[in-house]
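In this note's numbering, the protein residues as written are 26 to 640.
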């Protein structure tokens, strides 16, 4: 039978019948993905509902589902899947990589993307488990509104250029606006020309907010207004301080700092708790920095005495210090105080490696308490170890057994650091009981860390994982993103290696590589065709884009490389310290070293068994 004949006899349900079958499946499997059920219907010729239900039951009753509030909104469905993938399943995977994967499937996005992504190594994301507003998938309505609003904000820039920059920034309004402000608008004559072209084309302008997507862009506009208000407030505050300083100076009312003896206005000074002594912000900051990072005399000190040269019963209040000190110095001071309090409490605590947050470990008693409780037992174990070692090597040591029995106990008592081994065993037991992962509950941190290597956990964690490849891949991606262009029609990213600046995408969209304008109609007339004595020099007759010359990208690439390297090393502080490691073993172990390692491991296992029984 030919394929045509077989297909002609296959039952293809009509749209009405197709929708009825989908509703039956949704009734049997509430919350299911309608697109998934619709695709399943195409695989069967008859008894569609029964056969699909049997297939789902055979798979353990699992079927792709979506929340009820996302049923009628396709973009919400995609963003719901993207959030689960980016936050719960792959918290260390690059958002743009996940977003492209989600858009590549019509249904069962979580299941299909997961099955696809686990087969390869994915690009890393530094902010593990965090997804930002601009990372989500945008609706077509939002894209149109954002482009319309940016055309109002930047009437001097071509609409096609705005659309191209939007595509480069995942159609996010605020990020695109910031990039357009950095790009500028070119010459004044081009700005005037584009301004009139914009407003002549848009005579029948309709309101931007006219449907249910109003709140999404309007919230971003409110955020933009708040940003302008904050900047204006900061500028006003600086200007007010300047005027205040001048008024204090003109009226000879400046107050002297008791440390540096310079004169300042009242608002630029800090006072001790008694109110008798004044200090400038710089002196207080230098004093605290030296006490924390220099001599260390202020580490863990809860009450900072007044730094006046004369005797004073006052102190520098924590509220004032938090206002004066920089965030990193204040955090270091808080951390030192917390560590001092925990040490004085003699409690077993688990502390986040990235901040001052700590929790009391109730799974195991403190080490000092265990040491006092098990001292008699391990004194006996000290001698039993001697017998165990001797018996394990009985045949080898039979000739010198009398000598070893008299000398080995003395050697063990002199060289065996029992307390150090007990501490190692204690750490093993504690790790086995509490686990390796620690979730910080500090809202400003909220990082998941490994208690073994003290590094953040990103996805499938390996303590001995080499991160040099991750650094290289992250920096290379940042360098490529710094100079890439994105087609606003098909969202394909590309970079020009050579040739002219008229770039035609595989979808047929033509754009200028320099200004990103749509040049599908004007083609090469968009570029300057005047003769120049010196090739590549600025044309004096027009301000059109050059056909071959582009802005130098080396500076942008170098800046992106430096910024990406700093970001990666800041997120992986241990990587910067791995250039030189003196504890790396070179070559295989000798027979004697293997015997010593085996002996030590047996001793630690015996100690661990005994300590685990005691606690």
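Note that CB positions come from ideal geometry on N, CA and C, so glycine has one too.
Since we're looking at a predicted model, the values are computed, not measured.
Within the same chain, 137 come within 6 Å of residue 130 by CB-CB distance, once the 5 residues on both sides are set aside. Residue state for residue 560 is assigned as coil, using DSSP reduced to three classes. Listed in chain order, the alpha helix (DSSP H) elements of length 4 or more contained wholly in the segment 119-143 are 120-128, 134-142.
Using a C-beta cut-off of 8 Å, the segment 506-518 makes contact with the segment 580-595, since at least three inter-stretch Cβ pairs fall below that distance. The beta carbon of residue 479 is closer than 7 Å to those of 378 in its chain, skipping five residues each way along the sequence. Counting along the chain, residue 373 sits inside no beta strand (DSSP E), nor does DSSP assign it H or E at all. Straight through space, the alpha carbons of residue 622 and residue 630 are spaced by roughly 12 Å.
Going by beta carbons, residue 557 and residue 567 fall outside the 8 Å limit. Assignment of residue 268 by DSSP, reduced to helix, strand and coil, places it in the helix class.
By the Cβ test, the segment 331-347 is in contact with the segment 294-303, since at least three Cβ pairs between them sit closer than 8 Å.
When the Cα atoms are used, residue 177 and residue 195 turn out to be separated by approximately 20 Å.
In the same chain as residue 316, and ignoring 5 residues on each side of it, the C-beta atoms closer than 7 Å to its own belong to 322, 323, in chain order. The continuous beta strand (DSSP E) containing residue 463 extends over residues 462-464. Between the alpha carbons of residue 555 and residue 570 lies a gap of roughly 11 Å. Non-local C-beta neighbours of residue 262 in its own chain, meaning closer than 6 Å and more than five positions away in sequence, are absent. Under a 10 Å Cβ-count criterion, residue 537 is classified as buried, with 16 or more other Cβ atoms of the shown protein chains found around its own Cβ. As DSSP reads the structure, residue 149 sits in a beta bridge with 118. Residue pairing of residue 384 in beta bridges, as defined by DSSP: 375.
Annotation: residue 366 to residue 516 spans about 55 Å, alpha carbon to alpha carbon. DSSP places residue 65 inside the alpha helix (DSSP H), whose first and last residues are 59-66.
A Cβ-Cβ separation of about 5 Å places residue 513 in contact with residue 189 under the 8 Å criterion. Secondary structure at residue 529: strand, using DSSP grouped into helix, strand and coil. Where residue 312 is concerned, there is no enclosing beta strand (DSSP E), although the alpha helix (DSSP H) around it starts and stops at 306-314. Taking the CA atoms as reference points, residue 65 sits about 7 Å from residue 77.
DSSP places residue 296 within a strand segment (E or B) once states are collapsed to three.
Following the DSSP letters along the chain, one finds residue 192 inside the alpha helix (DSSP H) bounded by residues 184-193. Beyond the five residues adjoining it in sequence on each side, residue 58 comes within less than 7 Å, by CB distance, of 89, 90, 91, 132, 133 in the same chain, given in chain order. If you compare the alpha carbons of 101, 82, 147 with that of residue 114, the shortest gap goes to 147. Between the C-alpha atoms of residue 68 and residue 197 there is a straight-line separation of about 39 Å. Distance from the CA of residue 455 to the CA of residue 368, rounded to the nearest whole angstrom, comes to 18 Å. Across the structure, residue 387 and residue 157 are spaced so that their CA atoms are roughly 36 Å apart. The continuous alpha helix (DSSP H) containing residue 82 extends over residues 73-83. In the DSSP assignment, residue 473 falls outside any alpha helix (DSSP H) and within the unbroken beta strand (DSSP E) covering 473-475. Here residue 183 has 542 as same chain residues with Cβ atoms under 6 Å from its own Cβ, once five neighbours each way along the sequence are excluded. Counting along the chain, residue 169 sits inside the alpha helix (DSSP H) bounded by residues 165-178.
Per DSSP, residue 536 is one residue of the beta strand (DSSP E) stretching across 535-537.
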